[in-house]
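Below is one structure, written out as structure tokens, with a few remarks after it.
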Amino acid sequence: MTTLLISHPSSLQHATPTGHPERPDRIRAVERALEDERFATLQRVTAPEGELAQVELCHPAPFVQGVVAAAPRDGLVELDADTTMSPGTPSAALHGVGAAVLAVDEIMTRRAANAFCAMRPPGHHAESKRAMGFCFFNNAAIAARHAQQAHGAERVAILDWDVHHGNGTQEIFWNDASVLYASIHEMPLFPGTGAASERGEHGTIVNAPLRAGDGSDAFRDAYESAILPSIAAFQPDLVIVSAGFDAHWRDPLANINLKEQDFAWATQKLMELADRHAGGRLVSILEGGYDLEGLSKSVAAHVMALMRG
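So for the sequence shown, the working numbering puts the first residue at 1095; every next one is plus one.
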């Protein structure tokens, strides 16, 4: 079985203001990186548009309908100071959902070894009833719910290594014993959540905050002492990665000093865990990463590790 790469041109149609860090060039940088001959064996497929019923696995229908309706016919509209919609935003967001759902379908039915969804906008800040932090629909959360509803997964683990805490994913699963949310992130930093004391109603929230200036050693220590053991003890049927690459040392929105080799190492360690506890089932979904060079190099390292390169 091969690694699946899922993308769609609609990711380029979600426009943001000039100078906004979450911009279409992020996807162009990822696409250029994955055009290298090292990735010739990737199974490349186009994402379908997600269905509103799939989005509603994690977001109530009035919220979903409100987000879709808020898109302008031309120009841009702000939902908040960070989160902007253009005419192409609903299609991009729904194709992001479609990519995540397709990835779960392919992995749970063993048609691919693992998958990477190269889509934008990101999703992990989207709470059940609130779009924020560049995010509209929570793709990783929807993927987890779809795995449970469509494929009978009893336990799903979501690992979030984006440098910003995934407040949305945490909020959605705070009261849910069947989904583990584990995050390693910088704190204090937007959105202000993610303290180690935030554990959820069933102890299935695991936060391992890092401090500004931390680098590879602190990241790897926290990953091996807090993140991986919690996922292993949970024994998930599927592992989902909220794969943000803004902890890279070049990124302008944070202060963690990782290198692309750290993301390759983290991927390899997680794959070993997935092999032991989840039958190797792993889905990775792009979140942040705002320096184009850091993003492209980190994605390349991550995908190469998924290919067991």
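Using N, Cα and C, we set each Cβ at its ideal position, and we do this for glycine too.
Using a Cβ distance threshold of 7 Å, PRO1303 and GLY1288 count as a contacting pair. Per DSSP, PHE1133 is not a residue of any alpha helix (DSSP H), being assigned neither H nor E. Annotation: the region 1346-1381 contains the following complete segments of the alpha helix (DSSP H) (minimum length 4 residues), in chain order: 1354-1371. For ASP1254, the pairing in a beta bridge is given by DSSP as SER1277 and SER1336. Note on the region 1259-1336: whole alpha helix (DSSP H) runs with a minimum of 4 residues are 1261-1267, 1310-1316 and 1322-1328, in chain order. As the crow flies, the alpha-carbon of ALA1127 is around 26 Å from that of GLY1260. Burial is judged here by how many other beta carbons sit within 10 angstroms of a residue's own beta carbon; SER1319 has fewer than 16 and is exposed.
A straight line joining the alpha-carbon of LEU1400 with that of SER1180 spans about 33 Å.
Between the region 1297-1312 and the region 1335-1352, the count of Cβ pairs shorter than 8 Å is three or higher; the stretches touch. In this chain, the beta strand (DSSP E) harbouring ALA1209 covers 1208-1211. Less than 7 Å divides the Cβ of GLU1143 from the Cβ of LEU1188.
Per the DSSP secondary-structure output, HIS1342 pairs in a beta bridge with LEU1352.
Here GLU1172 carries a strand assignment [DSSP, helix/strand/coil]. Setting aside the 5 residues that flank it on each side, ALA1395 is surrounded in the same chain by GLU1354, GLN1355, PHE1357 and ALA1358, each with a C-beta closer than 7 Å to its C-beta; the list follows chain order.
For LYS1391, the number of other beta carbons within 10 angstroms of its own is at least 16, and it is reported as buried. Under the DSSP definition of a beta bridge, ILE1100 partners with VAL1139 and CYS1211.
Of the candidates LEU1151, ARG1239 and LEU1380, the residue whose Cα lies closest to the Cα of ASP1254 is LEU1380. The Cβ neighbour count for ASN1269, taken over all protein chains shown within 10 Å, is under 16; the residue is labelled exposed. DSSP places THR1183 inside the alpha helix (DSSP H), whose first and last residues are 1183-1202.
Closest option to PRO1156, judged by alpha-carbon separation, among ARG1375, LYS1223, ARG1132 and ALA1271: LYS1223.
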